[in-house]
Amino acid sequence: MTDRTNTANTNSSLARMDTDRLSGLLSFLQAAEQLKDTLRSGTTREKRPESTAEHTWRLALMILIFERELEGIDFQRLLKLCLIHDLGEAISGDVPAPSQRQDDDRQERERRDFETLCAPLPEDVRDHLMALWSEYAAAVTTEAQLAKAFDKLETMLQHLLMPPGDVIFYEFNLTYGRDRTDFSPLTRQIRDLVDKGTRQIMEDLQNPASDT
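In structure tokens, the structure reads:
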């Protein structure tokens, strides 16, 4: 027990922090909590509005469970991209995919909001997070492209759990994010199964079982 305690005490990564640095990290964390109250257009299976924080949590979990299939990928970087990708929404909120337009300045607005959120952070942490955000937005690296693909897939998987809507909603799902989810054989394979579920819901809506 003594040896373990001594090891922990001498480990620099567990040492006490500079007070100003600690304050900046905690201020950011408290501001990021707003993501818990940032609601998306989708719901849970129990019809409760889903928050962006919940979407981000399951996206990160999704990446974790596919880790062994992501050989050759910088897994830690991919996970970081997923965790920060929607943080700017903590300030301005989520814009549902059907309402998004090419000329709506959404990405630049999200960048400004993310910068505002990161303002209390120590400079090195702020620069690191902003670099990750820029990488995700540019979607040039393999990790960023995978993050965007899994982001779309998590959203569509949630749509399969929601109480059924109308056929038009699911028709949109069949085209949603195709450019992202076709990125790799793995993401296409997942997309095929998601689309199969979507088509089944559409069939059920178009051909409801008779009550007689």
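Under this note's numbering, think of the first position of the sequence shown as 1, with each following residue one higher.
Glycine included, each C-beta is placed from N, C-alpha and C at the ideal position.
Whole-angstrom distance between residue 150 and residue 53, CA atom to CA atom: Here the C-alpha atom of residue 53 lies approximately 15 Å from the C-alpha atom of residue 150.
C-beta atoms of residue 185 and residue 21 nearer than 8 Å: For residue 185 and residue 21, no; Cβs fall outside 8 Å.
3 or more residues per run - each beta strand (DSSP E) lying fully within the region 26-71: For the region 26-71, whole beta strand (DSSP E) runs of length 3 or above, ordered along the chain, are 39-43, 49-51.
Assigned secondary structure, residue 16 (DSSP; H/G/I helix, E/B strand, else coil): When secondary structure is reduced to three states using DSSP, residue 16 falls in the coil class, being assigned neither helix nor strand.
Selection from 36, 41, 90, 126 that minimises the alpha carbon distance to residue 109: Measuring from the Cα of residue 109, the nearest candidate turns out to be 90.
Inter-residue spacing [alpha-carbon to alpha-carbon] between residue 181 and residue 134: Whole-angstrom Cα-Cα distance: 20 Å.
Of the residues 148, 183, 171, 175, the one placed nearest residue 60, counting alpha carbons only: Selection 148, 183, 171, 175 evaluated against residue 60 yields 148 as nearest (Cα-Cα).
Alpha-carbon spacing of residue 173 relative to residue 166, whole angstroms: Approximately 11 Å, taken between the alpha carbons.
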